[in-house]
Every structure is written in C-alpha cells, then in structure tokens.
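Student: Can you keep this structure in mind? I'll have questions shortly.
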Amino acid sequence: MAFVSLLVVGILVFLAVDGALCYDTGGGDMEEDELFGLFEVMGSLLEDPTWAEMHPSPCTDTPWPGVECGLMEETLIFHVTKIHVGDDVVVPPCKSSAKISDSLLKLPYLTTLSLINCFTQSPVSLSKPLFHSLSSLEHLTLQSNPTLSGEIPTSISNLSSLRTLCLSQNNLSGEIPKEIGRLVNLQQLVLSHNNLSGPIAQEIRGLQRLTILDLSWNSLQETVPASIGELTSLEKIDLSWNKLRGTPPPELGKLRRLVLLDFSHNYFTGPIPENMSGLQQLQYLIMEGNPLNSRIPSFAKWLTNLSVLTLSGCGLHGPIPNMFSNLINLTALSLDNNSLEGTVPPELGELQNLDTLNLSSNHLSGQLLFPQDFMNRIGQRLDIRENNGLCTNPAVGTSNTSSRFLQNPTCLAAIFPATTNKTMADKNPDRVEDLRPNLYGGNAGSDHLNSDGKFVLFPGLVLLFLLCGS
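Laid out in structure tokens, this is it:
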C-alpha cells in the first residue's frame, strides 16, 4: 500500500513538472515557447496589439481565423501548423511596419505560411537565416507585397519539404538562385510579376515533381534551358512577358502532360520545333508577340485537344494552311497582325466549338466562305479588318455581326452577274478604270476579278459604281 502511495505521488510530481513547460489551452497543451513564438509572429504583422490578450488559447478555446493547429496524439500537445494572413480571412490588417519575424523559428511544426497583401509600406526582405530551419514547411506563399524586395536567398533550398513556392506580385530582384533545383519535392514554382533577371538555370532539372512553372512578367534573359524537357510532370509553363531569346528548345516535345504553354511577349525566333507535335494534352498554346518570322507551324494539326491557339504579332507569312479540321476542340484562334496571305480556309467555319476568330491586319484576299450558322454563332467575335483583298458575301450575315465584319468589302459577284459587270464597264470604261485603284486591294486590271471573272467591290462604293454605269 505504501508503494502504491509513493507511485501516485511520483506521477503527480511528474505532471507538475511537465505542466511548467506547457501552456494549458483547455483540452490540450501547447508548449509555452511555441505559444509565445506565435504571439510574436502575429504581433510583428498585425495592427491589433491585443491579439495575444484576446486569444490566449489560439488552438482551442479562443481560435483565430488564419491560424490552424494540429494535435499530436502521442503527447496530446497542440502545434501551430498554418498561418495565413490575407484579405480573404477576418483578421486585423497588417500594420505599416509589418515584418517577417524570426520567431517563426519557434514554430517547428509549421507547414503553411501565407502572407498576402501585408507588406505595403515599409521595406521588407527575405532573411537568409530564416530559411536555414523551417524544414517542416510545405507551402510558402508571399504574394502581392509591393515592398517585399531584395533577392531570393539561396538558403531557401534548405526548405526540403517544400511543395509550393509562390512569391508572385512582389518587388523581388536579382537572379533566380540555381539552388532552387534542390527542392526535389516542389510541385508549384510561381515567381511571376517581379523584377527577376538573368537566365533560367540548367539546375531546374532537379524539380522532377514540378507541375506548375510560372516565371511570367519578369526580365529573365537568354534562352530556355534544354533541361526543362526533363520535367515530365509539368502541366503548365508560363514564361510570358520576359526577355527570353532563341528558339524554343525541342526538348519541350517530351512534356506529354503539358496543358498550357505560354511563351508570349518575348524575343523567341522561329520556327517552332516540329517535335512539339508530341504535346498531345496541350490545350493552350500562346506564342503572341514573338518575332518568329516563319510560317504557321504545321505540327499544330496534331494537337487535337487544343482549345486556344494564339499566334498574333509573330511575323508569320505564307498562307493559312488547310489543317484545322482536326482541331475539333478549338474555341479561339488568333492570327492577327501578321503577314499572312491567300484565302481563308472555309474549314474554319466548320469548327463547331470555335467562337473567337481574329484574322485582322494581314494580307488575306478572296471571298470569305463561312456558312450562315457559323456567322450567327460567332457574331462580334469575328475580326477580319485590315485585309484589303478580303471580301464578304452580303447574303451571309446576322444582326449579331459586328462592324468589324461589315467594314470589309462585299463581293460584287454576289450582287451582279458577270455580264452586268461587263456591261457597266462598256458603258463608261474610263470611269471604271479610274476607280479601280481605290476600289480594289491591288493593281488595276484582271487581278480584281474573282475566279468567275466578277469584280470585287467595297460595299460603301457599290452605289457609286451603279451611278457611274448609268
């Protein structure tokens, strides 16, 4: 009996000692050092100085939006696992002097840190020592912070558990550290809308689990490394609005899971490698604003899942090929602001899902042969302006058709038979000859006749033509 009493006393003493190291949160304990570390982190961010006083038990009795905890079943101790401060949670706004506190190092179980629109007035930089620890961090998001500046520290490679790294819409500068290639568990790398410069390092090949790569809206230079073709899990690549040069690497054709490829507004030159026909899952191919100076890539006909194809302002020349009938999922096609010539393939009007077509500012000619049901469906989303040799059939139109369509001339063949045109010319040949350079998008003469020998005329001048022949 005495032995049992001593055992009970020993247990109580142990609990008393253990309780001195923990903070009772009501239904579970929280280590005091970790709790005070959380108070210090939130105090360095938020305007509210009473945060700790109002939330003494943030994991249980007095929870706070944006702070999440996990309970260790073995010890029944709570640990902070997530801190999220942003416009989408009900928390006090970040104060003007907000900063990233080194007390984050007191939160060894933190898996998610998300600070959005928090650093807007006082300069803040990423601390190198901060990333030497936090090995449990899986998701790091620092977004829309205009005063977050400086370089991305190489020590970020120590976050070995990181799966998401989002540092977009800040004011970061310098090169992307090649050490990022050591983050072997990384699935999403988003560094868009910063002032990053320099090359994309070959070491990116280490990110074998990467599914999203977004480096858009920076000042990245040189060429896209061939090693990007080794990232076979990639589903989205966005390198738009940089200063990248050269031809896209043929290794891109190995990315069989790729759904989106956006290389727009760089300095890429053509031709685009034909082996990109291997991108069978591709739905969005956006290359606009690059000096490709080539023909429309023929490999596109094999991309049967393609929904959006944008090649605007790429210096494309030659005809529009008859290859689009295979692209049954195409919803938007933009070929505007190029030097394309020849006729418009009628098969474009047979694509049942196409609802946006921009062919403006080219050198296209001939009659636009789109069926009435296509015109009814596409309406204002058809743009064929500034193609001087292109004419339309006045019998095909709709009340939904915009002025962008009506600005093109109607084909005179649809109004007058060939004999009528001949009679008009015979009546006043000098007058007709004088008008031809202004009426037609080329030299006067037989070039202004279509395949049936009938004139092509601007709609606004049809009445003038009739008056001249009277």
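Read in order, the letters of the sequence shown correspond to residues -22 to -1, 1 to 448 in mature numbering (1 follows the signal peptide of the UniProt record, and there is no 0).
Beta carbons: idealized from backbone N, C-alpha and C, even for Gly.
It should be emphasised that the depicted structure is a prediction, and the values quoted were computed from it without experimental measurement.
(1) For residue 326 versus residue 342, is the C-beta spacing smaller than 9 Å?
(2) Suppose contacts are defined by Cβ-Cβ distances below 9 Å. Is residue 304 in contact with residue 321 by that definition?
(3) Check each candidate in 101, 75, 80 and name the one with the smallest Cα separation from residue 25.
(4) Using a 10 Å radius around the Cβ and a threshold of 16 neighbouring Cβ atoms, would you call residue 66 buried or exposed?
(5) Buried or exposed for residue 162, please, with buried defined as at least 16 other CB atoms from any protein chain shown within 10 angstroms of its CB.
(6) Excluding sequence positions up to five away, which residues of its chain have a Cβ less than 7 Å from the Cβ of residue 259?
(7) If you check the beta carbons only, do residue 285 and residue 266 fall under 9 Å apart?
(8) Can you give me the C-alpha to C-alpha distance between residue 418 and residue 299, rounded to a whole angstrom?
(9) Please classify residue 314 as buried or exposed, where buried requires at least 16 neighbouring CB atoms within 10 angstroms.
(10) Thinking C-alpha only, which one of 166, 175, 28 is nearest residue 220?
(11) Buried or exposed for residue 19, going by 16 or more other Cβ atoms inside 10 Å?
(12) CB residue 97 to CB residue 134, shorter than 9 Å?
(13) At what residue ranges does the region 53 to 93 contain a whole run of the beta strand (DSSP E), taking only runs of 3 or more?
(14) At what residue ranges does the region 295 to 374 contain a whole run of the beta strand (DSSP E), taking only runs of 3 or more?
(15) Give the range of the alpha helix (DSSP H) segment to which residue 21 is assigned.
(16) Between the beta-carbon of residue 331 and the beta-carbon of residue 361, is there less than 9 Å?
(17) Going by other Cβ atoms of all chains shown within 10 Å of its Cβ, with 16 needed for buried, is residue 32 buried or exposed?
(18) Let me confirm a value: residue 39 is counted as buried when at least 16 other C-beta atoms fall within 10 Å, else exposed. Which label applies?
(19) Which residue spans inside the region 139 to 205 form an unbroken beta strand (DSSP E) run of at least 3?
(20) When the distance is taken between beta carbons, is residue 224 closer than 9 Å to residue 255?
(21) Consult DSSP for residue 276 and reduce its assignment to one of helix, strand or coil.
(22) Would you kindly work out how many angstroms separate the C-alpha atoms of residue 193 and residue 118, rounded to a whole number?
(23) My assumption, with CB atoms under 8 Å, is that residue 271 sits in contact with residue 288. Please give the rounded CB distance.
(24) Can you grab the Cα-Cα spacing for the pair residue 10 / residue 113, in whole Å?
(25) Please check the pair residue 159 and residue 181, which I expect to be a contact at CB under 8 Å, by giving their CB distance rounded to whole angstroms.
(26) Go through its chain and collect everything with a Cβ distance to residue 169's Cβ below 6 Å, but skip five positions before and after it.
(27) DSSP three-state label for residue 126, please.
(28) Roughly how many whole angstroms lie between the Cα atoms of residue 344 and residue 323?
(29) Based on the DSSP output, what are the partners of residue 224 in its beta bridges?
Tutor: With the given structure in hand:
(1) Stepping through the sequence shown from its first residue, residue 326 is reached at position 348. Stepping through the sequence shown from its first residue, residue 342 is reached at position 364. The Cβ atoms of residue 326 and residue 342 do not sit closer than 9 Å to each other.
(2) Translated into the one-based positions of the sequence shown, residue 304 becomes position 326. Translated into the one-based positions of the sequence shown, residue 321 becomes position 343. Cβ atoms of residue 304 and residue 321: not closer than 9 Å.
(3) Position 47 of the sequence shown holds residue 25. Closest by alpha carbon: 75.
(4) As a working mapping, residue 66 is identified with position 88 in the sequence shown. By the 16-neighbour rule on beta-carbons within 10 angstroms, residue 66 is exposed.
(5) Counting from one through the sequence shown, the residue named residue 162 turns up at place 184. It is exposed - the Cβ of residue 162 has fewer than 16 other Cβ atoms within 10 Å.
(6) Walking along the sequence shown from the start, residue 259 turns up at place 281. Answer for residue 259: 234, 235, 236, 237, 283, listed in chain order.
(7) In the sequence shown, the residue the question calls residue 285 occupies position 307. In the sequence shown, the residue the question calls residue 266 occupies position 288. For residue 285 and residue 266, no; Cβs fall outside 9 Å.
(8) Looking up residue 418 in the sequence shown gives position 440. Looking up residue 299 in the sequence shown gives position 321. For residue 418, the pLDDT reaches just 27, beneath the cut-off of 50, and the residue's location in the model is therefore unreliable, although a value from the coordinates is still provided. Distance between the alpha carbons of residue 418 and residue 299 is about 25 Å.
(9) Taking the sequence shown and counting its residues from 1, one reaches residue 314 at position 336. By the 10 Å Cβ count, residue 314 comes out buried.
(10) Start at 1 with the first residue of the sequence shown, and residue 220 comes out as number 242. Relative to the Cα of residue 220, the nearest Cα in the group 166, 175, 28 belongs to 175.
(11) Here residue 19 refers to the residue found at position 41 of the sequence shown. With 16 or more other Cβ atoms within 10 Å, it is buried.
(12) Start at 1 with the first residue of the sequence shown, and residue 97 comes out as number 119. Start at 1 with the first residue of the sequence shown, and residue 134 comes out as number 156. Not a contact, by the Cβ cut-off of 9 Å.
(13) DSSP runs (the beta strand (DSSP E)) wholly in the region 53 to 93: 55 to 63.
(14) Entirely contained in the region 295 to 374, the beta strand (DSSP E) runs reaching 3 residues are, in chain order, 295 to 297, 310 to 312, 317 to 320, 334 to 336, 341 to 346, 367 to 370.
(15) Translated into the one-based positions of the sequence shown, residue 21 becomes position 43. 10 to 23 is the span of the alpha helix (DSSP H), which, as asked, contains residue 21.
(16) Here residue 331 is taken as the residue at index 353 of the sequence shown, counted from 1. Here residue 361 is taken as the residue at index 383 of the sequence shown, counted from 1. Not a contact, by the Cβ cut-off of 9 Å.
(17) Here residue 32 refers to the residue found at position 54 of the sequence shown. Exposed is the label assigned to residue 32, since fewer than 16 other Cβ atoms lie within 10 Å of its Cβ.
(18) Mapped onto the sequence shown, residue 39 falls at position 61. So residue 39 counts as exposed.
(19) Whole beta strand (DSSP E) segments, 3+ residues: 142 to 144, 149 to 153, 166 to 168, 173 to 176, 190 to 192.
(20) Looking up residue 255 in the sequence shown gives position 277. Looking up residue 224 in the sequence shown gives position 246. Going by C-beta atoms, residue 255 is not nearer than 9 Å to residue 224.
(21) For this step, residue 276 is matched to residue 298 along the sequence shown. In this structure, residue 276 counts as helix in the three-state DSSP scheme.
(22) What you label residue 193 is simply residue 215 of the sequence shown in a count that begins at 1. What you label residue 118 is simply residue 140 of the sequence shown in a count that begins at 1. Taking C-alpha positions only, residue 193 is separated from residue 118 by approximately 16 Å.
(23) Here residue 271 refers to the residue found at position 293 of the sequence shown. Here residue 288 refers to the residue found at position 310 of the sequence shown. With 8 Å as the limit, residue 271 and residue 288 do not qualify as a contact, their Cβ atoms being about 17 Å apart.
(24) Taking the first residue of the sequence shown as 1, we reach residue 10 at position 32. Taking the first residue of the sequence shown as 1, we reach residue 113 at position 135. Rounded to the nearest angstrom, the two C-alpha atoms are 21 Å apart.
(25) By one-based count along the sequence shown, residue 159 stands at place 181. By one-based count along the sequence shown, residue 181 stands at place 203. Sure, about 3 Å apart at Cβ, within 8 Å.
(26) Counting from 1 along the sequence shown, the entry for residue 169 is found at position 191. Spatial neighbours of residue 169 in its own chain (CB-CB distance under 6 Å, excluding positions within 5 residues in sequence) are listed in chain order as 145, 193.
(27) The count along the sequence shown starts at 1 and reaches residue 126 at position 148. Strand at residue 126.
(28) By one-based count along the sequence shown, residue 344 stands at place 366. By one-based count along the sequence shown, residue 323 stands at place 345. Cα-Cα distance, rounded: 10 Å.
(29) In the sequence shown, the residue the question calls residue 224 occupies position 246. For residue 224, the beta-bridge partners assigned by DSSP are 246.
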